[in-house]
Every structure is written in structure tokens, then in C-alpha cells.
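Those sequence lines, one after another, are chains P and H. Position one of the first sequence corresponds to residue 176 (the working numbering), numbered consecutively onward. Position one of the second sequence corresponds to residue 183 (the working numbering), numbered consecutively onward. For each residue, glycine too, the CB sits at the ideal point set by N, CA and C.
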Amino acid sequence: MSTRNLLLSLALTVAFGAGAALAETPGLGKTITEADIKPWNLDVLPDGTNLPPGSGTPAQGAPIYAQKCAACHGEKGEKPAPGYSPMVGVHKFDKIDTPKTVTYYEFATTLFDVIRRSMPYVSPRTLTDNEVYALSAYILSINKIIGENDVMDAQSLPKVKMPTAGKFIVRFPDRI
Amino acid sequence: MSNRTNRGEGSPPFTQVAGNGLLDRRALLGRGVLLAGAAAAGGASITGASAEPLKDDPWSLVMGSVSPPRQVPSRFEAHVVRTLSNPNHEFRNSHGRTPHHLIHGTVTPSALHFTICHSGLPDIDPEKHRLVIHGLVRQPKIFSLEDLARYPMVSRMGFVECGGNSAPMFSNEPIQATAQAIHGLVSNSEWTGVLLSTLFEEVGLDPKAKWFLAEGADSLALHRSVPVKKGLDDAMIALYQNGERIMPGNGYPMRLWLPGYQGNMNIKHVRRIKLLDQPAMSFYEAKTYSQITPGEKLWKFHFLQEVKSFITHPSFGHSLKGPGYYEISGVAYSGTGRIAKVMVSADGGKSWGEAALQGPINPQAFTRFRMPWRWDGQPVVIQSRAWDEAGNVQPLRADFVAARGQTERPVTNALAFPNQHYNSITSWGIDNKGEIKHVYA
Numbered sequence: 176m177s178t179r180n181l182l183l184s185l186a187l188t189v190a191f192g193a194g195a196a197l198a199e200t201p202g203l204g205k206t207i208t209e210a211d212i213k214p215w216n217l218d219v220l221p222d223g224t225n226l227p228p229g230s231g232t233p234a235q236g237a238p239i240y241a242q243k244c245a246a247c248h249g250e251k252g253e254k255p256a257p258g259y260s261p262m263v264g265v266h267k268f269d270k271i272d273t274p275k276t277v278t279y280y281e282f283a284t285t286l287f288d289v290i291r292r293s294m295p296y297v298s299p300r301t302l303t304d305n306e307v308y309a310l311s312a313y314i315l316s317i318n319k320i321i322g323e324n325d326v327m328d329a330q331s332l333p334k335v336k337m338p339t340a341g342k343f344i345v346r347f348p349d350r351i
Numbered sequence: 183m184s185n186r187t188n189r190g191e192g193s194p195p196f197t198q199v200a201g202n203g204l205l206d207r208r209a210l211l212g213r214g215v216l217l218a219g220a221a222a223a224g225g226a227s228i229t230g231a232s233a234e235p236l237k238d239d240p241w242s243l244v245m246g247s248v249s250p251p252r253q254v255p256s257r258f259e260a261h262v263v264r265t266l267s268n269p270n271h272e273f274r275n276s277h278g279r280t281p282h283h284l285i286h287g288t289v290t291p292s293a294l295h296f297t298i299c300h301s302g303l304p305d306i307d308p309e310k311h312r313l314v315i316h317g318l319v320r321q322p323k324i325f326s327l328e329d330l331a332r333y334p335m336v337s338r339m340g341f342v343e344c345g346g347n348s349a350p351m352f353s354n355e356p357i358q359a360t361a362q363a364i365h366g367l368v369s370n371s372e373w374t375g376v377l378l379s380t381l382f383e384e385v386g387l388d389p390k391a392k393w394f395l396a397e398g399a400d401s402l403a404l405h406r407s408v409p410v411k412k413g414l415d416d417a418m419i420a421l422y423q424n425g426e427r428i429m430p431g432n433g434y435p436m437r438l439w440l441p442g443y444q445g446n447m448n449i450k451h452v453r454r455i456k457l458l459d460q461p462a463m464s465f466y467e468a469k470t471y472s473q474i475t476p477g478e479k480l481w482k483f484h485f486l487q488e489v490k491s492f493i494t495h496p497s498f499g500h501s502l503k504g505p506g507y508y509e510i511s512g513v514a515y516s517g518t519g520r521i522a523k524v525m526v527s528a529d530g531g532k533s534w535g536e537a538a539l540q541g542p543i544n545p546q547a548f549t550r551f552r553m554p555w556r557w558d559g560q561p562v563v564i565q566s567r568a569w570d571e572a573g574n575v576q577p578l579r580a581d582f583v584a585a586r587g588q589t590e591r592p593v594t595n596a597l598a599f600p601n602q603h604y605n606s607i608t609s610w611g612i613d614n615k616g617e618i619k620h621v622y623a
């Protein structure tokens, strides 16, 4: 094969390959910027990634909890309405059916995330970030995971040591 | 009578393959053989049924009713419905369980597919629904349903099973409940949609992306983390369920389907997928679908719905009408792949016979098994046990309890979830009157 023919053959291969790739992805998705996704981009990761600015204390959280959470989850996190989980839980999980609450979470970021994305149940995503920090602080405090005067913010929340930290075993590590 | 006997002549005789009357599954191969078996087992009851001369019933003498645009089952099937955990629509989750003991085959009718809705059914306008893919990608993109409907699609049979299905069987004493109440949180459909790998190719994955979170358009914005490995393997953005658009309770207008993986991960009404370098540790993966195992060992990322089977016919809620021929049948499935073998016992596990498997046998899908059986009218305990193609075997109850534990007190509420991921065997005890109880054996 001459050099010219070889080059032609390569060019055809590249052209064909590109054509095939285009055929596999119709390319109908429209581009969007992360700025435009922001209203949905609420997830908070265990290392604190995506935590918003703001802060809150247990004292600030207590009245918000009484007003917006206690009807379902019980006053001060105890004796919830029938069918609902308490907010105060045990620190030891030695029975297979031990009720799991906040104390079971491996990371405190889970608490912040679920309050911000899902609560209050009847009017989700209506709390301010400061309110979510304050509620997180209050609930961690009544579970004796943080102190009564501890401030929760983007720096302190991921550092909270949960009772179950480091105790979880990945069930199927080969599938990750 | 004599005809039936003649038809049976020349056929191989029924061979008992295991205790209490389990017959060779090859008996199911030919209709003639079955008829011979019926005659041999219960000839008197067959002749007794046709004592009166035949006549036309009223419905055979008039034109029937109008054909509706969308068919509904006969009024005589009104009892074939899902059971609901929250019929008054209180502010909490709601479950609808599939009536396995009242249906057959392998496809769960879409209207009877189980649903767990954590905040009701969102009323989504499909024209306004969007799926955005972003995070660790070369170019974030947003897709409408109309866009996705133009992509190359695939259709696959497959089950979806809640991680909490069969949870009442963690009880230290058998709860008296139907297969619907115990195992009703698994169903099987044909799913049609776009492979997630196709969409990943379009946005371009950053090599740092090891996980993705999927999030729904429901009021909780329910989200779960999934390894990218599964996303590239066989994950689907499903648009159709059994040929029609997905039911609202199953994720209308689009859901993530992860063949063989824990139900809650199959995000319904999926609106956002974000590529990540770590799992999000969402509420449902951090708490609800994580297990406590004996010795305070806590498990996370229990993705797989492991190999399992249960007998649907006969089962609790049925009764046998006297000795004679019956078919024992049920469903088997494995999150790992195809079902390879199902063994059935009628003597509480002392002896086992191999059941016939109804083909085609699809991976991560219901496989119906059938076992011919001649009941002699004495008390029996029937069980099934499945193997998958990877060699995984459904654990015996004693082994399962040793590894996973059981409650200290009996569970009396079939809606309770004492733990998650139960895949041991189910035993139905049949007494000499043909009444069926749930037993441990």
C-alpha cells in the first residue's frame, strides 16, 4: 500500500468512526449551566461539599422545631404522632430491629440534607439555610451528639462525630 | 373415563421424585400425561361434575356489553387488588402490595405492580418534566421526554423488589399472612427505555466520577447514590412499563431502572442525575435501607436483591379441595442473573425434587416454576428453594437466621419492617383438611 493510500484509508476509518459515534448518541440533550441547575442542586455530601453559607445553634433551632416539626416528630423529639419516627434515638444498635433515627446516621450531613430537601413534609424546601442549620443543631443536641452551645455551619457540621461513625460495612464492595 | 385412561396408555408412568407425592417435572411436558394423571388421581370427582345436562346461561343468549376504550377485568375479579397500607392518605408513606396468590405467569399487570410512595403520587405533566445530568461531566445536559423518546431504546423483562420485601419473616414466629402481605413488594414487568450509558456518553463522564445520585421530582426530592459501574452496565431510564407509559406509582413519566438492585434505588419520576466522586449518603441509604445485623454489625450499600423464590400456588389464603393432583407453582428471581434451578419439597425439606422452569429464563426477572404433585390428603409442608446461574443459593431458614438474626418477640403486623433484605425460603403447612398456614420448617 502506498503512503497516499494508507493515509486515505486512515482518513476513511476516522470519518466512519466519528459517524458511528454520532449515530449512537442522537445529541438531543440541550446544554445547561450549573448556575441554572442550582435550584435543584441541593445535595450535601458527607465531606461537606455543597453545604451553603449560614449557621445555627440548638437554641435557635428549638422554637423552629416546636413550630414546624413537633406535630409529627413529637415534642423535643419524643412521643411522635402515631406512625411517625421519634427524633431522639439510642446510641447502640445491638438488636436487628432497634429503631433507627438520627443517631443511626453515619454522617451529620445526612440530617441537614434531608431537612433541606424534604422537610417540612407538607411544605418542603420552605426553610432558610440558617433554619436548616439551626434545626440540625437542635436535633443533634437533643440526641447528645453535640453540645447545647455548639454552632453548626459548613465547617463544623461535617466534623460532627456520629455514634455509628466507622461502624458500617460495605455489603457488596465489588459492585462499587 | 375410559378415553382418558386410554390416552394415558403408552405414556411414561408418573414417577415420584420426592416425599409426599412430588412428581417428576417431565409429567408437565405432555397434556395427555396430565390428563392421565388427573384421571388416576381423582377419577370420581371428574365424573361427578357433569351430572346435569348442559344448557345455555343467560349471557350466552344476549349481545354483551360495549367494549370500553380501556379494558378492565371482569366484575368477578374485583377481589384481585393490591392491599394498601395507608388507604386514608395520611401524611406518611403508602404501600400497595401485589396479590401474588391471585395472579399467575411472570408479568405483573401494571395496575397490580407494587408501589411504595413516600409522599403520595406526584401529578407530573410529562411535557414539563425534565431530566438533567450534571456534576462530574464534560457538559451538563437537560432532556425532555420528547427528546428521550427519540433515543435508541431497549426492552427487558425484570423485577423490582423493595429492600423490605418479606420483612415480616424476620419474626421469630411465622406471621399468618398471604404471599401478598409477606412478599407483595416485588413485581415483574417489561421495561422499555434508554440505556443510561447512552446518555452518559453524551454528557461525557469525568474519570473522577465513581458514583451518581439520582433524584426524583416528588415532594421529598427522594435521592439515592448508585455506583457509576452499574450506570454503565445495564441501568435504564425507563419510559414504558408493559408496553404503556409507566404507572404514576411506578415513576411516571420516567424512572431509573437498575436491574436486580434494591427497589428504592430505582428512582421514580427521575429529574436529576449528578455524577460524584463519593456517595451522597442520602436519608434512605444512610438509614432506611441499611441493615443492623447481629453483633451490632451495620451494613450499607446492600445493592443486590439476592436469589429468592416463594410458592404462590397453593399458599396461605387458598385451600385444597380434597386429595388428588395439584400443581405447586411460584416465582424465582435473582439480582445476580438468571435462575438456574428451583427445588421443591413437600415434606418440610427432608427431600427435594427439581421443578420445571417456564422459559424464556431472563436475567434479573421472574421465572415461574412448576411442580406436579399428587396430594394424599395428609398434612404436608411445601417449600421452594432457588439457585442462580452464578451458583448462589437461597439460604435455608436456620442458616439465614444464624447469619441475620430474628426478632425476640413475634411480629404480628404484616406491615412492619423489623429489618431488610430477607431472601430465605417460605414454608406453607397444609393440614388434612386442605387449610394452609405459614410455618417455619
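How many angstroms separate the CA atom of residue i from the CA atom of residue j?
{"i": "V342/H", "j": "D415/H", "result": "17 angstroms"}
{"i": "V408/H", "j": "D558/H", "result": "51 angstroms"}
{"i": "T265/H", "j": "P281/H", "result": "8 angstroms"}
{"i": "A256/P", "j": "A246/P", "result": "7 angstroms"}
{"i": "Y240/P", "j": "F343/P", "result": "30 angstroms"}
{"i": "T229/H", "j": "G287/H", "result": "Any reading at T229/H must be qualified, since the residue scores a pLDDT of 38, below 50, and its modelled position is unreliable; the value itself is stated next. The alpha-carbon atoms of T229/H and G287/H are separated by roughly 29 angstroms."}
{"i": "N605/H", "j": "P350/H", "result": "12 angstroms"}
{"i": "E383/H", "j": "G530/H", "result": "52 angstroms"}
{"i": "K615/H", "j": "N202/H", "result": "16 angstroms"}
{"i": "S516/H", "j": "A417/H", "result": "16 angstroms"}
{"i": "G214/H", "j": "A260/H", "result": "Unreliable positioning characterises G214/H in this predicted model, as indicated by a pLDDT of 41, which lies under 50. A coordinate reading is not provided."}
{"i": "L217/P", "j": "Y471/H", "result": "21 angstroms"}
{"i": "P152/P", "j": "K254/P", "result": "Since the first residue of chain P shown is 176 and the last is 351, residue 152/P is not available in this structure."}
{"i": "L175/H", "j": "V244/H", "result": "Residue 175/H cannot be examined here, being either before or after the span of chain H that is shown, 183 to 623."}
{"i": "C344/H", "j": "K490/H", "result": "13 angstroms"}
{"i": "A223/H", "j": "G504/H", "result": "Confidence at A223/H is low in this model, with a pLDDT of 42, below 50, so its placement is unreliable and the value that follows should be read with caution. If I take the Cα positions, the gap works out to 11 angstroms."}
{"i": "L217/H", "j": "G535/H", "result": "Low confidence applies here, because L217/H scores a pLDDT of 37, under 50, leaving its location unreliable and the question unanswered by this model."}
{"i": "A462/H", "j": "G506/H", "result": "57 angstroms"}
{"i": "T276/P", "j": "F296/H", "result": "26 angstroms"}
{"i": "F287/P", "j": "T200/P", "result": "38 angstroms"}
{"i": "P669/H", "j": "M339/H", "result": "Residue 669/H lies beyond the stretch modelled for chain H, which goes from 183 to 623, so this question has no answer here."}
Does the Cβ-Cβ distance between residue i and residue j come in under 7 angstroms?
{"i": "H266/P", "j": "P338/P", "result": "yes"}
{"i": "I510/H", "j": "M553/H", "result": "yes"}
{"i": "A359/H", "j": "A572/H", "result": "no"}
{"i": "I315/H", "j": "I419/H", "result": "no"}
{"i": "L303/H", "j": "A391/H", "result": "no"}
{"i": "S256/H", "j": "N268/H", "result": "no"}
{"i": "A623/H", "j": "V563/H", "result": "yes"}
{"i": "R406/H", "j": "S464/H", "result": "yes"}
{"i": "F551/H", "j": "V524/H", "result": "yes"}
{"i": "M436/H", "j": "V410/H", "result": "no"}
{"i": "I607/H", "j": "R567/H", "result": "yes"}
Of the residues the options, which one's Cα is nearest the Cα of residue i?
{"i": "V661/H", "options": "L402/H, P435/H and L313/H", "result": "The requested residue 661/H is not part of the displayed model; chain H covers only 183 to 623."}
{"i": "E478/H", "options": "T224/P, G231/P and Y279/P", "result": "Y279/P"}
{"i": "Q560/H", "options": "E617/H, A468/H and D238/H", "result": "E617/H"}
{"i": "A598/H", "options": "P295/P, G229/P, T208/P and Y259/P", "result": "Y259/P"}
{"i": "A312/P", "options": "R300/P, L203/P and T285/P", "result": "T285/P"}
{"i": "Y466/H", "options": "R453/H, F485/H and L457/H", "result": "F485/H"}
{"i": "K334/P", "options": "E281/P, D349/P and K205/P", "result": "E281/P"}
{"i": "A514/H", "options": "A538/H, A528/H and A462/H", "result": "A538/H"}
{"i": "I314/P", "options": "D349/P, P233/P and R291/P", "result": "P233/P"}
{"i": "L210/H", "options": "S609/H, Q540/H and L402/H", "result": "Q540/H"}
*Taking only runs of the beta strand (DSSP E) that begin and end inside the stretch 455-489 of chain H, which ones reach a length of at least 3 residues, in chain order?*
473-475 and 479-482
*Considering only residues of the stretch 269-334 of chain H, which uninterrupted alpha helix (DSSP H) runs meet the minimum length of 4 residues and lie entirely inside it, listed in chain order?*
327-330
_Members of the stretch 436-460 of chain H near chain P, C-beta cut-off 8 angstroms_ = R453, R454, K456, L458 and Q460
*Quick one, which residues of the stretch 197-215 of chain P are near chain H if we go by CB-CB under 8 angstroms, in chain order?*
E199, T200, P201, G202, L203, G204, K205, T206, I207, T208, E209, I212 and W215
_Within 7 angstroms of chain H by C-beta, residues of the stretch 296-319 of chain P in sequence order_ = Y296, V297 and P299
_Complete beta strand (DSSP E) runs within the stretch 554-592 of chain H (minimum length 3 residues, chain order)_ = 562-570
*asked:* For the stretch 268-290 of chain P, list every residue whose C-beta sits within 9 angstroms of some C-beta in chain H, in sequence order.
replied: Result list: F268, D269, K270, I271, D272, T273, K275, T276, V277, Y279, Y280, E281, F282, T284, T285, L286, D288 and V289.
*Residues from the stretch 287-316 of chain H in contact with chain P, defined by Cβ distance under 8 angstroms*: S301, V314, I315 and H316
_Residues of the stretch 575-601 of chain H in Cβ contact with chain P at a cutoff of 8 angstroms, in chain order, please._
R586, G587, Q588, T589, E590, P600 and N601
*At a Cβ cut of 8 angstroms, what residues of the stretch 361-386 of chain H count as close to chain C, listed as they run along the chain?*
The chain labelled as chain C is not found among the protein chains of the depicted structure, namely P and H.
_the stretch 249-266 of chain P: positions lying closer than 8 angstroms to chain H by Cβ_ = G258 and Y259
*According to a CB-to-CB cut-off of less than 9 angstroms, which residues of the stretch 220-238 of chain P neighbour chain H?*
The residues in question are L220, P221, D222 and T224.
*Members of the stretch 329-346 of chain P near chain H, C-beta cut-off 7 angstroms*: T339, K342, F343, I344, V345 and R346
*Output, in sequence order along the chain, the residues in the stretch 239-261 of chain H whose CB is closer than 9 angstroms to any CB in chain P.*
So nothing in the stretch comes that close.
*Please list the segments of the alpha helix (DSSP H) lying wholly inside the stretch 373-421 of chain H, counting only runs of 4 or more residues, in order along the chain.*
Qualifying alpha helix (DSSP H) stretches, in chain order: 378-385 and 410-415.
*Please list the residues of the stretch 336-356 of chain H that have a C-beta atom closer than 9 angstroms to any C-beta atom in chain P, keeping them in chain order.*
F352
*Listed in chain order, which residues of the stretch 317-332 of chain H have Cβ atoms closer than 7 angstroms to some Cβ of chain P?*
For the stretch 317-332 of chain H, the beta-carbon criterion of a distance under 7 angstroms to any beta-carbon of chain P is satisfied by Q321, P322, K323, I324, F325, D329 and R332.
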